[in-house]
Ligand code: AMP
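Numbering (the working numbering), first residue to last: 28 to 301.
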């Protein structure tokens, strides 16, 4: 992979990297399109990273749709696709991992201990294998993007991190590989996440700055949809992810909850005007 990327670069081409776990959808493809628009060549990776799943999580049943994924990437004229095996990424003797930055500690860090250690480690490995100029990540995984931006800055990684907007279904549901687990009824319930975030955004736009009020709106919207298991519905500082009481400038609203047995996440920025 490194030789193939270097060859592109020796030919004067810049390279954009799009790391994924496959089961590709329009969200992933938007990253590939952005990489193609901003770089001369795009490299996608498909690897369901075992180290970012806890033992009780859905690693073994995570959707794997390699043939369809490759066709979609071909349709976007993606220049290279890297599909490493588990053994190639983690030979039995491998034992080094990355201690993720502070921003990994709250929210997902509380609910999924060890998750960001796995993410940071695999992303750094991919950066080393594929020495791209830029790497593209989705705002859908808001905390993940912050973790990777911080890691890249803290470790002086020679790569620019680009964070791209969340792609949604027309009815608001954020695209996710895990959406294919949802029954029709659960899919309907899943709309409560974007509905809650829209309500919060509207109230913020109307001037509400009390985080407890905004948090209650999210909790009540999820509850009204019959969603009982909410990991968090938080209003946090968009850089540090510490939860806020009162919003001074901008903030981010983040939700993680279970719809049936499927864990969904979504978020939206609350940006002060001017
Ligand atoms: P995943 O395959 O879930 O690890 O996601 C790979 C990349 O695609 C990550 O950077 C995600 O944030 C991004 N991504 C996933 N869903 C979306 C979406 N709906 N919109 C934009 N980016 C997304």
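For glycine and all other residues, C-beta sits at the position ideal for the given N, C-alpha and C.
heavy atom of the ligand AMP below 6 Å from residue i C-beta
i: residue 74; result: no
i: residue 168; result: yes
i: residue 201; result: yes
i: residue 253; result: no
i: residue 143; result: no
i: residue 48; result: yes
i: residue 164; result: yes
i: residue 193; result: yes
i: residue 54; result: yes
Selected residue, minimal CA-CA separation from residue i, among the options
i: residue 37; options: 44, 141, 160 and 50; result: 160
i: residue 292; options: 204, 128, 154 and 116; result: 204
i: residue 223; options: 233, 211 and 200; result: 200
i: residue 18; options: 90, 31, 220 and 61; result: This structure does not reach residue 18, given that the chain is present from 28 up to 301, and the question cannot be answered.
i: residue 256; options: 290, 268 and 234; result: 290
i: residue 150; options: 136, 96 and 48; result: 48
i: residue 183; options: 155, 113 and 167; result: 155
i: residue 63; options: 163, 137 and 237; result: 163
i: residue 51; options: 240, 258, 93 and 189; result: 93
i: residue 123; options: 248, 152 and 86; result: 152
i: residue 46; options: 40, 138 and 54; result: 54
i: residue 91; options: 264, 75 and 140; result: 75
i: residue 271; options: 95, 134 and 195; result: 134
Under the three-state DSSP convention, the category residue i falls into
i: residue 33; result: helix
i: residue 43; result: strand
i: residue 69; result: strand
i: residue 62; result: helix
i: residue 51; result: coil
i: residue 93; result: helix
i: residue 269; result: coil
i: residue 288; result: coil
i: residue 251; result: helix
Interface flag, residue i vs chain C, CB-CB below 7 Å
i: residue 173; result: Among the chains of the structure shown, chain C does not appear; only one protein chain is present.
Inset, instruction - At 4 residues or longer, and completely inside the segment 164-248: list those alpha helix (DSSP H) runs for me, N to C. - result: Counting whole runs of 4 or more residues, the segment 164-248 contains the alpha helix (DSSP H) stretches 169-181 and 211-232.
Inset, instruction - Ignoring anything shorter than 3 residues or poking outside the segment 96-158, list the beta strand (DSSP E) runs there in chain order. - result: 107-109
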